[in-house]
Amino acid sequence: MEENKENKEIIEKEETAEDKAEIEDTAEDKDTAESKENRFDPKTIRLFLYIGVVVLLMIIVAVIYIISSRKKKDVPGETVISEVATESSEPSSKAEIVSEEASEGQSEQLSEEQVQEKKTEKTPYELHGALQVKGNQIVDANGDNFQICGVSTHGLGWFPQYVNQDSFISLRDDFGANTVRLAMYTAEGEGYCTGGNKENLKKLVTNGVDYATKAGMYAIIDWHILHDLDPNVYKDEAKKFFEEMSQKYAGQDNVLYEICNEPNGGTTWAQVKSYAEEVIPIIRANDPDAIIIVGTPTWSQDVDVAIKDPITAYDNIVYAVHFYADTHKDNIRNKVKAAEDAGYAVLISEFSICDASGNGNNNIEEANKWIDLLDRYGIGFVAWNLSNKAESSSLISSSCSKTSGWTYDELSQSGQWLVGVFNTHSDQGSGLVNGKTPVKGETPQVQDPATPQSGKELAAGQSGDLKVSIEESNSWKEGSDTCVQYGLKIENKGNAAASDWTIVIDLGTGVSVSQIWGGSAIASGNTVTITPASYNKSIAAGATLSDVGLIVKVGSKPDKVSITVK
Numbered sequence: 065m066e067e068n069k070e071n072k073e074i075i076e077k078e079e080t081a082e083d084k085a086e087i088e089d090t091a092e093d094k095d096t097a098e099s100k101e102n103r104f105d106p107k108t109i110r111l112f113l114y115i116g117v118v119v120l121l122m123i124i125v126a127v128i129y130i131i132s133s134r135k136k137k138d139v140p141g142e143t144v145i146s147e148v149a150t151e152s153s154e155p156s157s158k159a160e161i162v163s164e165e166a167s168e169g170q171s172e173q174l175s176e177e178q179v180q181e182k183k184t185e186k187t188p189y190e191l192h193g194a195l196q197v198k199g200n201q202i203v204d205a206n207g208d209n210f211q212i213c214g215v216s217t218h219g220l221g222w223f224p225q226y227v228n229q230d231s232f233i234s235l236r237d238d239f240g241a242n243t244v245r246l247a248m249y250t251a252e253g254e255g256y257c258t259g260g261n262k263e264n265l266k267k268l269v270t271n272g273v274d275y276a277t278k279a280g281m282y283a284i285i286d287w288h289i290l291h292d293l294d295p296n297v298y299k300d301e302a303k304k305f306f307e308e309m310s311q312k313y314a315g316q317d318n319v320l321y322e323i324c325n326e327p328n329g330g331t332t333w334a335q336v337k338s339y340a341e342e343v344i345p346i347i348r349a350n351d352p353d354a355i356i357i358v359g360t361p362t363w364s365q366d367v368d369v370a371i372k373d374p375i376t377a378y379d380n381i382v383y384a385v386h387f388y389a390d391t392h393k394d395n396i397r398n399k400v401k402a403a404e405d406a407g408y409a410v411l412i413s414e415f416s417i418c419d420a421s422g423n424g425n426n427n428i429e430e431a432n433k434w435i436d437l438l439d440r441y442g443i444g445f446v447a448w449n450l451s452n453k454a455e456s457s458s459l460i461s462s463s464c465s466k467t468s469g470w471t472y473d474e475l476s477q478s479g480q481w482l483v484g485v486f487n488t489h490s491d492q493g494s495g496l497v498n499g500k501t502p503v504k505g506e507t508p509q510v511q512d513p514a515t516p517q518s519g520k521e522l523a524a525g526q527s528g529d530l531k532v533s534i535e536e537s538n539s540w541k542e543g544s545d546t547c548v549q550y551g552l553k554i555e556n557k558g559n560a561a562a563s564d565w566t567i568v569i570d571l572g573t574g575v576s577v578s579q580i581w582g583g584s585a586i587a588s589g590n591t592v593t594i595t596p597a598s599y600n601k602s603i604a605a606g607a608t609l610s611d612v613g614l615i616v617k618v619g620s621k622p623d624k625v626s627i628t629v630k
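Just so we're aligned, residue 65 is where the sequence shown starts under the numbering used here, counting upward by one.
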């Protein structure tokens, strides 16, 4: 009985253990099923997706904030530029021109509306890249019409102080320019081919190109013939110069070459074309794609003559036209129309709104007619000149000695007109015209503060058949000094050519020479001695030479001037 009882208890315990195990297994299966069900619950999946998207957006916002912070300037009003080359280093094989944000100082000058309307803060080169000629237009790397909005220096040897980095940045940001033209005279005064310091002049050119490159601008290297009349006179020098320049800037896409500024004095298109067809292949051997600007006869006005026998062996050729609005009107505009309608590209590589002397009245009405025409064809234009010389075409007031950072009121009338035009033409607009009324005026005006006195003959002298007279053109104050501009007229009244003339001007007070054109000058005490340039040494029988002049500095304006010639 005892044994049976024990066996029964054992059996009951085993059954109880089995039942418990079965219950536990059932519970585990239930938990597993519930776990699987929860793992694939759609609500859970949506929750995790939502969290992931939020985290991703937060990461993107953080990255954008970091990038924006790095672009901020440390100094208000200071533009930061990544240097491509320095004066002492060679530029890279490609124009590595980086973008720049508008300076905080400039942004403060603009209204909120203007800031919003500002098209871009990239540099001109970054926006447009390499230029080329397509049909009758200059186009950018995107194939879109590109209107050059440029400023030309005055003679580099006479106004070298404007060739600096800050100056070019002011032209870009304050004027709204996208191009700088570097005018290197070949014959005037101590020109490149007439006794000038070649290395110094070349250094001014290369510095200018490098400054323009750093600013993300285009640069035109201008072989500025004028009183040499025919570019063939110094053709060998031109070939050597452009060989050196095109080697130096081969592949640098922001450089253009202007090979003969203003052929004149009866020089024919056949002579210009012959010269061009010797110079162009030298440039092309080094720089196969750069735009080359070819001057045309009669001070680059007769483009209609050039297109009758065009240069066909080379691409990317542009024909130069120059105008001065108070002199050149519909007659020259019609020549531009003829060239463009015939399918040839034109560039106004030099112009101003005054008369052809670079001085006199500013004719704004005619200037605006020119801009209307250029807009119609998409033609670019380069304004003469970046200096404070006391003449109407100078963009800086003659009372302003600053070489960068000009205010609107420190510009001449032509300068104020120009920044108004650039403001509506260039990508970046002008930083100077905020709140300013566009320059208008049916009555042309003369630049202040110079006092024009053209035609006032001060003295005359004669030796043999040569007669010379001196006229005062302008005078103005420059600090404690007085600047006076004189023009000379030399007449040969004889029957034979006169050569190797010398003029002595006695001003009766201590004098220094600021500028001279049409010859060379030496100041000593109260006198200035002028000798001819190589191109005007000889004056034909019955001829008059009237392109010689100078600007002097004196303590006070001379009471009496005397002049002799021999």
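Glycine included, every Cβ here is placed at the ideal spot set by N, Cα and C.
Residue burial annotation: phenylalanine 112 is exposed, with fewer than 16 other C-beta atoms found within 10 angstroms of its C-beta. Between glycine 582 and alanine 561 a beta carbon distance of about 17 Å is seen, past the 8 Å cut, so the two are scored as non-contacting. In this structure aspartate 390 is buried. Its beta-carbon is surrounded by 16 or more other beta-carbon atoms within 10 angstroms.
Under the Cβ criterion (8 Å, minimum of three pairs), the segment 333-343 counts as touching the segment 363-376. Contact check for proline 327 against leucine 268 fails: the beta carbons are separated by 8 Å or more. Residue burial annotation: threonine 243 is buried, with at least 16 other C-beta atoms found within 10 angstroms of its C-beta.
The beta carbon of glutamine 579 lies closer than 7 Å to those of Trp222, Leu614 and Ile615 in the same chain, with the five residues before and after it left out. It is roughly 34 Å from the alpha-carbon of threonine 217 to the alpha-carbon of threonine 628. Contact between the segment 437-454 and the segment 209-216 is established, with three or more Cβ pairs separated by less than 8 Å. Threonine 566 is positioned such that its CB atom lies closer than 8 Å to that of threonine 595. Remark: C-beta atoms of serine 478 and serine 416 approach each other more closely than 8 Å. Restricting attention to Ser451, Trp481 and Asp286, the CA atom closest to the CA of isoleucine 428 is found in Trp481. The continuous beta strand (DSSP E) containing valine 358 extends over residues 356-358.
Contact annotation: the segment 189-198 touches the segment 275-286, with at least three C-beta pairs closer than 8 Å. Going by C-alpha positions, aspartate 292 is about 43 Å away from glutamate 185. The secondary-structure analysis by DSSP pairs alanine 585 across a beta bridge with Ile594. Put simply, of Leu121, Lys393 and Arg236 the residue whose alpha carbon is nearest the alpha carbon of aspartate 491 is Arg236.
Taking all protein chains in view, the Cβ of methionine 122 is surrounded by fewer than 16 other Cβ atoms within 10 Å, so the residue is classified as exposed. Going by DSSP, serine 364 is part of the alpha helix (DSSP H) stretching over 361-364. Less than 8 Å separates the beta-carbon of valine 483 from that of leucine 496.
Per DSSP, reduced to three states, the secondary structure at glutamate 341 is helical. Cβ contact annotation for glycine 572 (same chain, cutoff 6 Å, sequence separation greater than five): Asn590, Pro622 and Lys624, in chain order.
Annotation: the continuous alpha helix (DSSP H) that includes aspartate 436 extends over 428-441.
By the Cβ-count criterion, glycine 199 is exposed, with fewer than 16 other Cβ atoms from all chains shown falling within 10 Å of its own Cβ.
The way I'd put it, the segment 379-393 does touch the segment 407-421; three or more beta-carbon pairs between them come closer than 8 Å. DSSP, reduced to helix, strand and coil, places asparagine 328 outside both helices and strands of the structure shown, so it counts as coil. No Cβ-Cβ contact shorter than 8 Å links serine 364 with alanine 349.
Threonine 217 is bridged by DSSP to Leu450. Beta bridge pairing from DSSP links threonine 628 with Val568. Taking all protein chains shown into account, threonine 467 has 16 or more neighbouring C-beta atoms within 10 Å of its C-beta and is therefore buried. In terms of Cβ geometry, aspartate 366 and threonine 331 do not form a close pair [threshold 8 Å]. Rounded to whole angstroms, the Cβ separation of threonine 546 and serine 539 is 6 Å, and the two are in contact under 8 Å. Look at threonine 270 here: in three-state DSSP terms it is helix. At a cut-off of 3 residues, the continuous stretches assigned as beta strand (DSSP E) that sit fully inside the segment 368-406 are 381-388.
About 27 Å separates the Cβ atoms of asparagine 487 and glutamine 196, ruling out a contact at the 8 Å cut-off. The beta carbon of proline 502 sits closer than 7 Å to those of Gly484, all from its chain and outside the five residues before and after it, given in chain order.
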